[in-house]
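In terms of our numbering, the sequence shown is residues 6 to 138.
Backbone N, C-alpha and C fix where the C-beta goes; we use that ideal spot for every residue, glycine too.
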Amino acid sequence: MPVFHAHIPKGRYSREQKIAIGNALNRSLVVALDIPHGDRFIVLSEHGDDELFIDPTFMGMERSAGAMIITVLVGAHRPASDKQALMAEICRQLKDAAGISPDDIFIALVPVPNENFSFGRGIAQLADKPPQW
Numbered sequence: 006m007p008v009f010h011a012h013i014p015k016g017r018y019s020r021e022q023k024i025a026i027g028n029a030l031n032r033s034l035v036v037a038l039d040i041p042h043g044d045r046f047i048v049l050s051e052h053g054d055d056e057l058f059i060d061p062t063f064m065g066m067e068r069s070a071g072a073m074i075i076t077v078l079v080g081a082h083r084p085a086s087d088k089q090a091l092m093a094e095i096c097r098q099l100k101d102a103a104g105i106s107p108d109d110i111f112i113a114l115v116p117v118p119n120e121n122f123s124f125g126r127g128i129a130q131l132a133d134k135p136p137q138w
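(1) What's the C-alpha gap between Pro41 and Ser33?
(2) Considering only their Cβ atoms, is the gap separating Leu38 from Leu114 smaller than 7 angstroms?
(3) Per the contact definition of three or more C-beta pairs closer than 8 angstroms, is the region 96 to 103 in contact with the region 18 to 25?
(4) Would you identify the three-state DSSP class for Gly16, choosing helix, strand or coil?
(5) Check each candidate in Ala81, Arg17, Arg68 and name the one with the smallest Cα separation from Phe122.
(6) Excluding the five sequence neighbours on either side, which residues of its own chain have a C-beta within less than 7 angstroms of the C-beta of His12, listed in chain order?
(7) Between the alpha carbons of His10 and Asn28, how many angstroms are there, rounded?
(8) Please report the distance separating the alpha-carbon of Cys96 from that of Gln89.
(9) Report yes if the CB atom of Asp109 is closer than 7 angstroms to the CB atom of Gly65, and no otherwise.
Written out as structure tokens, the structure reads:
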């Protein structure tokens, strides 16, 4: 059920790298949260240098021109330990799959109650059910 939206610099990543980024984000869910592999909802948006502004050194980072912002809609039922594991796994997977430095990965997790997700047909499939994963 998590939904990724990665905001990346325009023209910085090749088609193959973008596919690798999408695959890495999906793998991070499988590894860190035991989410089913098919629970794959990922958007990559490219932004020009007049649309994406990321400070190169804030919080002691050494960000490159490839820095990105990733927002993740994640079930509000997740404890802090799951969220920390997911953030760490996102960085591991992106480094392994696409050579992206962890300093270049800004992550914002947005908790969403399960009843606010619809996988299609306008039905809240997870409403009034205990979390499945």
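Reading it off the structure:
(1) Taking the straight line joining both Cα atoms gives about 11 angstroms.
(2) no
(3) Taking 8 angstroms as the limit for Cβ pairs, the verdict is that the region 96 to 103 does touch the region 18 to 25.
(4) Here Gly16 sits in coil by DSSP.
(5) Ranking the options by Cα distance to Phe122, first place goes to Ala81.
(6) Ser50, His52, Leu57, Met73, Ile74
(7) 13 angstroms
(8) 11 angstroms
(9) no
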